[in-house]
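Notes follow the structure.
Number of protein chains: 2
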Amino acid sequence: MSTISDVAKLSGLSKTTVSRVINNHPYVSKENKEQVLKAMKELGYTPNPAARRLRGQLTTTLGVIVPRIVNPFFSYLVNSIEQTAYNKGYQVLICQSNEDKEKELTFLNLLKTKQVDGIIMTAIENDWSVIEPFTNYGPIVLCNEYVNYADVPMIRLNQSKGAYIGVKHLIERGHQKIAYCTGGLFDEQGKDKDRNHGYQKALQEAGIVINPKWVFVNQHSIEDGKQVMKQILEMEDRPTAVFTGSDEIAGGIMIEAKEHGLIVPDDIAIIGFDDQPLAEMLDPKLTTIRQPVDQMGEKSVEVIIKRLNNPEMKMEIYEMPIELVVRKST
Amino acid sequence: MSTISDVAKLSGLSKTTVSRVINNHPYVSKENKEQVLKAMKELGYTPNPAARRLRGQLTTTLGVIVPRIVNPFFSYLVNSIEQTAYNKGYQVLICQSNEDKEKELTFLNLLKTKQVDGIIMTAIENDWSVIEPFTNYGPIVLCNEYVNYADVPMIRLNQSKGAYIGVKHLIERGHQKIAYCTGGLFDEQGKDKDRNHGYQKALQEAGIVINPKWVFVNQHSIEDGKQVMKQILEMEDRPTAVFTGSDEIAGGIMIEAKEHGLIVPDDIAIIGFDDQPLAEMLDPKLTTIRQPVDQMGEKSVEVIIKRLNNPEMKMEIYEMPIELVVRKST
DNA sequence: AATAAATATGAAACTGTTTTCATATTTATT
DNA sequence: AATAAATATGAAAACAGTTTCATATTTATT
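Going line by line, the protein sequences match chains V and P.
Convert by adding 2 to the 1-based position in the first sequence; the result is the number in the numbering used here.
Convert by adding 2 to the 1-based position in the second sequence; the result is the number in the numbering used here.
Below you can see the structure in the form of structure tokens.
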């Protein structure tokens, strides 16, 4: 590996001048600049990032915390984040928090030791009070998750609206008995809380009273969806429609329903959340709430880089558009 | 952020001794070691990785090159790699090569500039001759992809066998007209070449002649699968079964077939590759070739770390088990 | 008791950059 | 023509560690 000194020697100039060329500083004559560029090319020179970091701080690396990368919603988010970051000259380090507080903390520590310039959190395991101190070491932005009193930029959706338009759609289709599957617990704060609120609001407006038996909490996977359907099948008074927190749960419900001879949407209407590719592959195709995942990833990177160059800029909330995609399952 | 000098000052010892404690070198007295440890804790000191790297130390970061993270096969692979790496104290940097030779090269450069200790490549865009020089800067292991003459560890499957058992299964079910969808071109080298070989071998053994019209090359996505089915529907002499290179293509084919009123597997049998969760969600559930993705990721990390500690150890080939999972689509 | 080996410690050099400071040269302004 | 400002350049310091080398002290061996 050649160093800046080699380039300096070959071009007959000082390290300082070479550094100026590398960093596009003014006050380097045309001829010398060309000399340096030529020498760099000849040696196949690349600046050593470790040395630059040691001096300047920037690592051009962003950390992304996701719960699980195999969840398509998050793999699409990481995809978008990685692409945007690459175009802006950043690398992406991933961490799957995996519902593990320790692991989340280990990862946040990378910020402290300047291994990453900033961190995009798409999930939060620890209390905000334990995360908050890390903001002293570099920007943290929240994407998809949010915390009311956190003083950091947040890229989010109007989750409440998402649930609202979904449930309203079911009501407009004539349903009165509407079940509900959510990720978190029913009265938590954050994203799930908002969705719950939207669900309640839509029902309330239509004068429908919630049947607590039809509310399923802490549901995530396809398998969870299947279990939910099994429970529904055993009920005397069954819901005629179900609003879910992800396309996967919806898929699980649909599969199990079909397994038992139910017709979707006639016997039971199903609505998903996310609009993953899966939604189009189910039979019947899934009505769902589209989350603009690409936009969210892109915005998160933009915001974090902006904060990197502008550390005084603090909290800002970016709300992305959310919409209903009507297909055949409702 | 406190530095090693601060720790030295506080403990009344030299930077050297502190460094020795950090790196667990011998020849530090018990008492002094304790002093240093105490001072480190008191200051909340963490060594600056940039400085360590500059001195030619390990970065405890592994790079992973995938074509696209949103492809479930690769997101599962990354999942397994990340988990294993974390347990061994490594971080994971991801790069989506995205069929972009430039991008792959940019990423390989991280090895040259010691931003990653080693790189796991799950896809190869450039010719091996351009990748090979990078092996001088740190270990590269090939996972899932492979190159015959490359002198690096490879974690692979017997792809030929995979295709062979799949096609043979179709023949045993009574099919003679078997179409074939592959990722690469038909006569390339690497993974696809092997599968092609398995396909040919199975047919040959059964005395079946390949109809070139039924061979579809360069197929990857769900959408591709749909297009393939459209082409098949227009044929006078249609295949009765199709072997595909991924569950997604299989899914696309199945969806399109059902759209046009065909019954799977009666009118057309379909077999996938990978055994992704999707395979169980399709209706009918998809017969497919299972790739042990978790094992592959785990092994890749193990091997690369072993190479890191043992640089002289060169090529080694690890072949993982592959098996047929019979469901309802055949 | 004399010598060799093992243990313990720190000063200084080194890693490859960027930044500061000093200084020389050129151009613009009065 | 004299002075100020802009342009151009390099030597040396700084970043935060690790490694080399020198040296002092203990312990083991003859």
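No residue lacks a Cβ here, since even glycine has one placed at the ideal position from N, Cα and C.
Please read these numbers as outputs of a predicted model, since none were measured by experiment.
- At the C-beta level, P/Thr61 and P/Val118 come within 8 Å of one another.
- For a cut-off of 8 Å, the C-beta gap from P/Val38 to P/Thr19 is around 7 Å, short enough to register as a contact.
- Residue contact with chain P for V/Gly247: absent (no Cβ-Cβ distance below 8 Å to any residue of chain P).
- DSSP places P/Gly140 outside any alpha helix (DSSP H), giving it a letter other than H or E.
- Using a Cβ-Cβ cut-off of 7 Å, P/Ser77 is close to Ile71, Val72, Ser77 of chain V, given in chain order.
- Check the Cα spacing between P/Lys90 and each of V/Thr137, V/Asp226, V/Asn89, V/Lys105: the tightest is with V/Lys105.
- Here V/Ile122 carries a strand assignment [DSSP, helix/strand/coil].
- Cα atoms of V/Tyr182 and P/His177: separation of roughly 45 Å, rounded to the nearest angstrom.
- Taking a C-beta cut-off of 8 Å against chain P, the contacting residues of the stretch 283 to 311 of chain V are Met283, Leu284, Asp285, listed in chain order.
- If you draw a straight line from the Cα of P/Val94 to the Cα of P/Thr242, it comes to about 44 Å.
- At a cut-off of 8 Å between beta-carbon atoms, V/Met156 makes no contact with chain P.
- When C-alpha distances from P/Ser331 are compared across P/Ile319, P/His171, P/Asn111, P/Glu33, the shortest belongs to P/His171.
- Annotation for P/Arg22: the continuous alpha helix (DSSP H) segment containing it runs 17 to 24.
- For V/Asn311, the closest alpha carbon among the candidates V/Asp296, V/Ile212, V/Gly120 is that of V/Gly120.
- At a cut-off of 8 Å between beta carbons, P/Ala53 contacts chain V.
- Boundaries of the alpha helix (DSSP H) harbouring P/Gln161: 161 to 174, taken from the DSSP string.
- At least one beta carbon of chain V lies nearer than 8 Å to the beta carbon of P/Glu84.
- Judged by beta-carbon spacing, P/Met256 lies beyond the 8 Å limit of P/Leu280, meaning their Cβ atoms are not closer than that value.
- For the C-beta of V/Gln221, not a single chain P residue is nearer than 8 Å; the gap to the nearest is close to 16 Å.
- For V/Asn146, the nearest beta carbon of chain P is not closer than 8 Å to its own beta carbon.
- Residues of the stretch 28 to 57 of chain V with a C-beta atom less than 8 Å from some C-beta of chain P are Thr48, Pro49, Asn50, Pro51, Ala52, Ala53, Arg55, Leu56, listed in chain order.
- The three-state secondary structure of V/Gly227, taken from DSSP, is helix.
- Residues of the stretch 78 to 112 of chain P with a Cβ closer than 9 Å to any Cβ of chain V, in chain order: Tyr78, Val80, Asn81, Glu84, Gln85, Tyr88, Gln93, Val94, Leu95, Ile96, Cys97, Gln98, Asn100, Lys105, Thr108, Phe109, Asn111, Leu112.
- Secondary structure at P/Thr86: helix, using DSSP grouped into helix, strand and coil.
- Contact check for V/Met123 and V/Ile83: beta-carbon distance about 12 Å, past the 8 Å limit, so the pair fails to qualify.
- Contact between the stretch 68 to 87 of chain P and the stretch 50 to 59 of chain P is absent: fewer than three C-beta pairs spanning the two stretches fall below 8 Å.
- The beta carbon of P/Ala271 sits closer than 7 Å to the beta carbons of Leu172, Arg175, His177, Thr242, Ala243, Ser331, Thr332 from its chain, once the five residues preceding and following it are set aside; these are given in chain order.
- A residue is called buried once 16 or more other Cβ atoms fall within 10 Å of its Cβ, and P/Val328, having fewer, is exposed.
- For V/Ala10, the enclosing alpha helix (DSSP H) starts and ends at 6 to 13.
- Straight-line measurement puts the Cα of P/Ala252 at about 44 Å from the Cα of V/Ile133.
- P/Val149 sits close to P/Ile126, with the two beta carbons spaced by under 8 Å.
- Going by beta carbons, P/Val295 and P/Phe245 fall outside the 8 Å limit.
- When DSSP states are grouped into helix, strand and coil, V/Ala204 belongs to the helix group.
- With a threshold of 8 Å between beta carbons, P/Pro141 makes no contact with chain V.
- For the C-beta of P/Lys260, the chain V residues within less than 8 Å are, from N- to C-terminus, Asp285.
- Residues Ala181, Pro241 of the same chain have their beta carbon placed closer than 6 Å to that of P/Trp216, with the five preceding and five following residues left out of the count.
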